[in-house]
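To keep things clear, I will list the structure first and then write my remarks on it.
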Amino acid sequence: MSKARVPPRPRKDPGQLAAVPNPFPDLSSSSQELTGMSVDQHREIQELIELLKRNNLAELEFERDGFRIYLKREAGPGQAAAARESVPAGLERPAERLADSGPGETIGKVTITSPIVGTFYRSPSPDADPYVEEGDIVKKGQVLCVVEAMKLMNEIESEVDGRVVKILAESTKPVEFGQPLFLIDPAPTP
Amino acid sequence: MSKARVPPRPRKDPGQLAAVPNPFPDLSSSSQELTGMSVDQHREIQELIELLKRNNLAELEFERDGFRIYLKREAGPGQAAAARESVPAGLERPAERLADSGPGETIGKVTITSPIVGTFYRSPSPDADPYVEEGDIVKKGQVLCVVEAMKLMNEIESEVDGRVVKILAESTKPVEFGQPLFLIDPAPTP
Amino acid sequence: MFKKILIANRGEIALRVIRACKELGIRTVAIHSDVDTNAMHVRAADEHVCIGPAEDVLSYRNIPNVLSAAEVTGAEAIHPGYGFLAENAHFAEVCESIGIKFIGPTSENIAVVGDKAKAREILGGRGIPVLPGSPGELRSESEALEAARKIGFPVIIKASAGGGGRGMRVVNKEEELVRAFQAAQAEAKTTFGNEGVYLERYFLEPRHIEVQVLADERGRVVSLGERDCSIQRRYQKLVEETPSPAVDDRLRREIGRVATEVVKAVHYRNAGTVEFLLDKDQNFYFMEVNARIQVEHPVTEMVTGIDLIKEQIRIAAGFPLAFRQQDVRLTGHSFECRINAECPEKFTPCPGLVTRFRPPGGFGVRVDSAMESQSTVVPYYDSLIAKLITHGQTREEAMARMRRALDEFVIDGIKTTIPLHVRIFNDAEFQKGRISTGFLDRLLAHDSV
Amino acid sequence: MFKKILIANRGEIALRVIRACKELGIRTVAIHSDVDTNAMHVRAADEHVCIGPAEDVLSYRNIPNVLSAAEVTGAEAIHPGYGFLAENAHFAEVCESIGIKFIGPTSENIAVVGDKAKAREILGGRGIPVLPGSPGELRSESEALEAARKIGFPVIIKASAGGGGRGMRVVNKEEELVRAFQAAQAEAKTTFGNEGVYLERYFLEPRHIEVQVLADERGRVVSLGERDCSIQRRYQKLVEETPSPAVDDRLRREIGRVATEVVKAVHYRNAGTVEFLLDKDQNFYFMEVNARIQVEHPVTEMVTGIDLIKEQIRIAAGFPLAFRQQDVRLTGHSFECRINAECPEKFTPCPGLVTRFRPPGGFGVRVDSAMESQSTVVPYYDSLIAKLITHGQTREEAMARMRRALDEFVIDGIKTTIPLHVRIFNDAEFQKGRISTGFLDRLLAHDSV
């Protein structure tokens, strides 16, 4: 997030506020039932098996709440590297939760998340062009959008040089803390 | 159980009754968790075994609530996949619960259980000899003991010809329904 | 006071009694069938005795084994709960004869109020308003016809030994009477082993109102307000409330006074319930006395603050009632929902493993249940697995609380009547208190349209 | 009435407010930090907004994000619960200025009662019995000495901006005063950013008595009886009860009258608590006003039947109080045990996965908790995970019920204060009601012997 500035004009009158119904999707209902291997778990197991094969791993351990991971590489001749990462506590991050894109799509990409709660705007004013479009090349520090909070416009800048792969939030809609806004591919495009 | 008959004399006066403390051992505390394996769990285990085979995995671990997974690939060709299956504790039967004897001891033997709730007596009167001793040869229909209930003496007979391997209840102590009293080896002794 | 009590029951009512005993410092003995070895009531008690196999006649209704269990554990008293042996006069009599205190009415009380035609006859003779009906059991078709003409149609034929809606027949026209009378007699004989039947005026959509009473061993009686149990399906209560939306203070005093008279007339002891039928014109008629603690007793506890199970135990131990009629204060409003392990549409029992059991909590919410996560609902006994009770300052608050609590209640793995309760509490007529014994059938009939 | 309320809190109090809103038909917005994404209060609300990372200053205390969340969801009012932003005058002021109703006292109320020395000064001037103490903040050592001599030793030095026992020092002798005064000033500056301190008479083993009050926006005030919160460890309450065993009807009326006067004197609005110290001779002294709903509010609800959270919301919505002082009836006795995720010996927090959570049930038992089986107690916030509340007709019954309920409560996977509560409720002095703020330290000291 960069400096906040006073908005050029009110985006919406207060009377509108009460009419915004349920601005955030109900993310919890699907995970309320923790019993039984769900469809998601099935899919995840399949994905993990693929990961195992693709990366030539010998072992892979994974936990969810408390996020634990354990990897062991193929015990080929001379090779015996073991990586063990244990991130204490911590439930899922909203960022992980909210990303619609599959795991393959995000690998190696940078997700720009909202640092505040507010309303997401892709352009500085309703009749102006959006700051960026999908496919655009952006520079580190370039403004990608604004998030309005408490009548203040907060410009959100790119953290890296790269290409905008995907815009993950809808303009004029509320965003919460940590919600993914943009997916940037930092690989330098020729 | 055979015919009940009026007791030859009162075994105990009513005043004594209130003084009998906690006649049954606390059997339930160890088996408070009733996580039986359901039909769904059976199906899941089958699915996981298939997954193991199909993907040439050596080990696969799966947990439920915090969703934990552990995968291990086949170490080399020709090695059989090892599947670990853990059957959760089922509902112990009172009979199983009460038997002190190990599982090996009861195989092929007949357990005579109490068909009623009452007080177990090994002999017809305090100064008489016990009906049977461990090691005795008994005939089907032979009286093994009496269980007193509501001032009635209920004779308990052997269900088989055989040898009394073990006497499982203590004389003058209360017994509950289904409580094992005798272990009989029905193999004909030469 | 007793030092040790045996609880001759299972499920939520066994746990209810054990809780009361714990609070009174009394040791408890649970009995159980072999499929209930790990049931919560068994684990909650100080001692436990397996008394037979799953079938209740061989275990929970097995009088010799229940009494032996009391004898070998040295229990001084037996609380029968409801159902099983609770209204078995013979069991109460045997308890009395061997010096084990039966926590409930006397065997004579049970016998007298159990014969409904006779009870009505006795009480009618004392000026208690009874349902217009035949003076006693009907011995012949002509007696039945004569009685019905005097009462006026429609009439209902009931079995003297019946209960819970079984063995009842409504007759709308004189022409139908003889055949219905014969069929009712035959059914009564088959079902209850006693062909005695009697006739009563049949009311369309009355309310089922009952009065909780307590009578100590010295014959002092107090009434603890009424319960409205009009939400029934096939005479099985599903929702109960107190006070009744149809009963005002004047009527409450009047019904309470009559209930007290009934209890005194039969020299009743311990906790009991006097059931009345209330018609649209606020006329009430005595129906019967339930000689036991009832499933729905908690709603009365919520508005009076009086622990009825403790009172039962104190009375049985010979203590006089510690309060008088004028000390009884009814505060607020209370509902009970019976959560059954049943398919909510067809009411077929739904036993099985409860994979998750998360009761609601917070202010004004009470849950009486012997279930927890990973409990098994066995198919051998009644399907009641939890009672959800709410209390509020007003009927509206108690209803809103019930809706909130039903919403919070999670029971996974089996089907329950929770969705039906949600429908009832969202119904506009119910919310206005316009209920009768026909309410639920009408609500359910909407489904088939 | 409000259509939508945002609850600026987490855990049991957030769930408590959501339950009240549901019963009132008000939509709810939960806010949460990213470690609370799956918390029960989030799942229970109609909407939810992630407002920051785990650290509370960046999330639950993050004023811009909390207000943005209210704005984007269209919430008309914010309930702050207790802790976090509940007594933040600035937050209340910003809410007022942007037209979001703060459900609680006015920002001015919070500011006035938050400055304890000043509050004492104002109230002392109006004839309210205040603790003998310095007239206001002490500016110098000589002022401190003079004040202490006038009051008489022992005295206690407190930080004006302090609370919850932090920044307090007992001084037994004149020789110790100057050093203690300097140290207290320094500590107050470090801890609260304000070096203001004041002096009070120090009582050995007093009782902590507090009075619940409600004041509507028209200035009508009712008091709802007292709570005895003497069971404390380092000024952290562990067990609360109402009525206090030390307060009789005469004293109750008198304390209630004084509490009402305090509230009126500062033009207080909404729910608040007036804290008093009660010495052995039944003298009581005003200590402070807590400008929030308190953790222990349920015991007052149990004996009055009044839902305090609903009253807070109604008052904030502009409704006048629906009852008068003479309508308030206190019935029976109630206790609350705070179940903390703490090692019961050393009181070190014990976060982690709760593998099994089975709350107790039955008559007179209430559980306020946002935990269930497989919930995680995160290490970032306070360790209170459940409040166990019992109600009975007498203190004895409420105690017996608490013992029974503590025995039933199963929380596996983490350590809790349940074993300590069992000890407290089995203590003979506690059972007799002979308690003071020194009780728990003495009980715990027995361990080290």
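Residue numbers (this note's numbering), protein chains in the order written: chain A, 1 to 190; chain B, 191 to 380; chain C, 381 to 829; chain D, 830 to 1278.
The C-beta atom is built at its ideal place from N, Cα and C for all residues, glycine as well.
Using the beta-carbon of each residue, which ones in chain D are nearer than 7 angstroms to residue i?
| i | result |
| --- | --- |
| A128/A | Those within 7 angstroms of A128/A in chain D number zero; the least Cβ separation is about 22 angstroms. |
| V747/C | G1190 |
I think residue i touches residue j, with their Cβ atoms under 8 angstroms apart; what is that distance to the nearest whole Å?
| i | j | result |
| --- | --- | --- |
| Y149/A | G118/A | Per the sequence presented here, residue 149/A reads as Ala, with Tyr not at that position. Going by Cβ atoms, the distance from A149/A to G118/A rounds to 3 angstroms, so yes, they are a contact pair. |
| V337/B | V365/B | 6 angstroms |
| V1076/D | I1135/D | Contact doesn't hold; Cβ gap of about 19 angstroms is too wide. |
| K330/B | E349/B | 7 angstroms |
| V164/A | V132/A | 5 angstroms |
If we define contact as Cβ-Cβ less than 7 angstroms, is residue i a contact residue for chain D?
| i | result |
| --- | --- |
| M153/A | no |
| A149/A | yes |
| Q706/C | no |
| Q773/C | yes |
Compare the C-alpha of residue i against each of the options and name the closest.
| i | options | result |
| --- | --- | --- |
| P515/C | Y665/C, R500/C, R633/C, S477/C | R500/C |
| A766/C | D748/C, R775/C, Y760/C | D748/C |
| L579/C | E523/C, T770/C, M381/C, T796/C | E523/C |
| D659/C | V510/C, A472/C, V757/C | V510/C |
| V601/C | A568/C, H588/C, K644/C, Q616/C | K644/C |
| I842/D | T1205/D, A1199/D, Q1203/D, M1228/D | A1199/D |
| L1269/D | A868/D, R1063/D, D1045/D | R1063/D |
| E1069/D | D1077/D, I929/D, C1058/D, V1076/D | C1058/D |
| N344/B | A424/C, L823/C, P444/C, M381/C | P444/C |
| P320/B | S361/B, E347/B, V355/B | S361/B |
| Y1031/D | A977/D, T1184/D, L1080/D, G1054/D | A977/D |
| G962/D | S1202/D, A946/D, I1060/D, V1118/D | A946/D |
| N1119/D | V1095/D, G1161/D, V1183/D, K979/D | V1095/D |
At a CB-CB cut-off below 7 angstroms, which residues of chain A make contact with residue i?
| i | result |
| --- | --- |
| C879/D | P94, E176, F177, G178 |
Could you name the residues of chain C that residue i contacts, counting a contact when the two beta carbons are closer than 7 angstroms?
| i | result |
| --- | --- |
| R1187/D | E752 |
| R1230/D | E403 |
| E1130/D | F743 |
So is residue i buried or exposed if we call it buried at 16+ other beta carbons inside 10 Å?
| i | result |
| --- | --- |
| E554/C | exposed |
| E884/D | exposed |
| Q1041/D | buried |
| L288/B | Summary for L288/B: the model assigns pLDDT 37, below 50, so the residue's position carries little reliability, and this model does not support an answer. |
| Q1011/D | exposed |
| M667/C | buried |
| I297/B | exposed |
| E725/C | exposed |
| D216/B | Because the pLDDT at D216/B is just 41, under 50, the model does not fix this residue reliably, and the point stays unresolved. |
| I834/D | buried |
| G636/C | buried |
| L447/C | buried |
| Q706/C | exposed |
| T453/C | buried |
Going along chain C, which residues have a C-beta under 8 angstroms from residue i?
| i | result |
| --- | --- |
| G1161/D | G685 |
Hey, is residue i's beta-carbon within less than 7 angstroms of any beta-carbon in chain A?
| i | result |
| --- | --- |
| D863/D | yes |
| P1339/D | Nothing can be reported for residue 1339/D, as the shown portion of chain D is limited to 830 through 1278. |
Please tell me whether residue i has its Cβ less than 7 angstroms away from any Cβ of chain C.
| i | result |
| --- | --- |
| T301/B | no |
| R848/D | yes |
Using the beta-carbon of each residue, which ones in chain B are nearer than 7 angstroms to residue i?
| i | result |
| --- | --- |
| A785/C | Per Cβ cutoff of 7 angstroms: no residues; A785/C is ~25 angstroms from chain B at best. |
Please compile the residues from chain D whose C-beta is within a distance smaller than 9 angstroms of the C-beta of residue i.
| i | result |
| --- | --- |
| T119/A | S897, E900, V901 |
How about residue i: is its C-beta nearer than 7 angstroms to some C-beta of chain F?
| i | result |
| --- | --- |
| I306/B | The structure shown contains no chain F; its protein chains are A, B, C and D. |
Just the chain C side, please: which residues come within less than 9 angstroms of residue i by C-beta, in chain order?
| i | result |
| --- | --- |
| R845/D | G742, F743 |
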